[in-house]
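The sequence shown begins at 65 in the numbering used here and counts up one residue at a time.
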Amino acid sequence: TFETNIMGTANLLESIRKCTSVKSTVIMTSDKCYENKKMSKSHVEDDPMGGFDPYSASKGATELITSAYRNSFFKNNSNLSNIATARVGNVIGGGDWADDRIIPDLIKGIIKNKNPVLRNPNSKRPWQYVLEPLSSILWLAAKMYQEPTKFDEAWNFGPTSSSLTVRELANAILKEWDTNLMCEIQNNSDDMPESDILLLDSSKAEKNLGWKNILSIEETIFETVSWYKKNKNDMEEIKQFSLNQIENYVTKAKQRNTIWA
């Protein structure tokens with residue numbers, strides 16, 4: 065975790081510093097980069113970095129390293145890339161099979177007809193569809209290229225609707241799948257500590273970039289479950305279904321007068 069997020073970021077930025085053909089760089093971090101004081105307040109970009117677990121600390125360090133490189137090497141050199149960071153919410157959507165992640169764990173349990181086990185059921189997270197942060201990063205990079213130095217800073221990209229607890233999200237997934245399985249709660253006394261509440265304030269991106277989320281949490285859950293219900297043995301079918309989901313997302317963005325669409 066530390067080697068990838070800290071030294072990996074430093075190595076990447078050092079490479080970009082030596083490559084004058086790169087014009088816009090967006091480093092994606094996480095909502096966990098902030099110092100969490102167990103408050104219900106949404107984090108804004110000026111909040112201090114922190115994290116009391118290794119992953120969160122590594123993301124906070126990524127932000128600090130990026131800021132140091134930007135101010136030391138990039139900011140006053142028009143021949144080098146503009147550098148920004150994107151702090152995004154908890155991404156959910158099709159295609160994720162990683163271990164110890166809420167959606168893959170739920171889906172694996174459903175497929176095996178086993179009740180899914182939740183570690184931190186009351187934790188609240190800014191869940192958002194996988195294409196939301198991707199569209200935000202592409203739009204930010206485009207704006208940085210169009211207007212150099214104006215947008216080279218930190219940005220939050222989180223959901224505008226109310227965040228759900230892990231339990232609420234899991235129950236919504238089970239309901240959308242139409243299964244009778246029930247969530248079980250794991251004794252997590254031996255687990256690494258996690259923040260109970262993580263929320264992002266994206267008003268800066270909404271005001272200065274014209275960015276907004278496209279899908280509601282209900283639409284996000286529908287799109288996510290729809291992907292996992294497809295036949296994974298037919299790679300061409302799931303590829304086409306994934307492309308159709310991207311097309312449908314862009315269509316909804318246009319219908320909802322999204323600036324980048």
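Think of the CB as a built atom: it goes at the ideal place given N, C-alpha and C, for glycine as much as any other residue.
Asked: 9 angstroms Cβ cutoff met for L264 and F215; Found: no
Asked: K139 beta carbon less than 9 angstroms from that of K213; Found: Checking the displayed sequence, the identity of residue 213 turns out to be Thr instead of Lys. Yes, they are a contact pair.
Asked: Contact the segment 157-168 vs the segment 96-115: 3+ CB pairs below 8 angstroms; Found: no
Asked: Cross-strand partners of A218 (DSSP beta bridge); Found: T149
Asked: Candidates S200, N308, K276, of which the one nearest S290 by Cα; Found: N308
Asked: Secondary structure of K87, DSSP reduced to three states; Found: coil
Asked: Neighbourhood of I249 by C-beta, 6 angstroms cutoff - its chain only, sequence neighbours within 5 removed; Found: L182, P185
Asked: Candidates R151, G124, E196: closest to A325 by CA position; Found: E196
Asked: Beta bridge counterpart(s) of M92 as assigned by DSSP; Found: A150
Asked: Cross-strand partners of L182 (DSSP beta bridge); Found: I249
Asked: Pair within 9 angstroms by beta-carbon distance, K87 and S145; Found: yes
Asked: Simplified DSSP state of M103, which is helix, strand or coil; Found: coil
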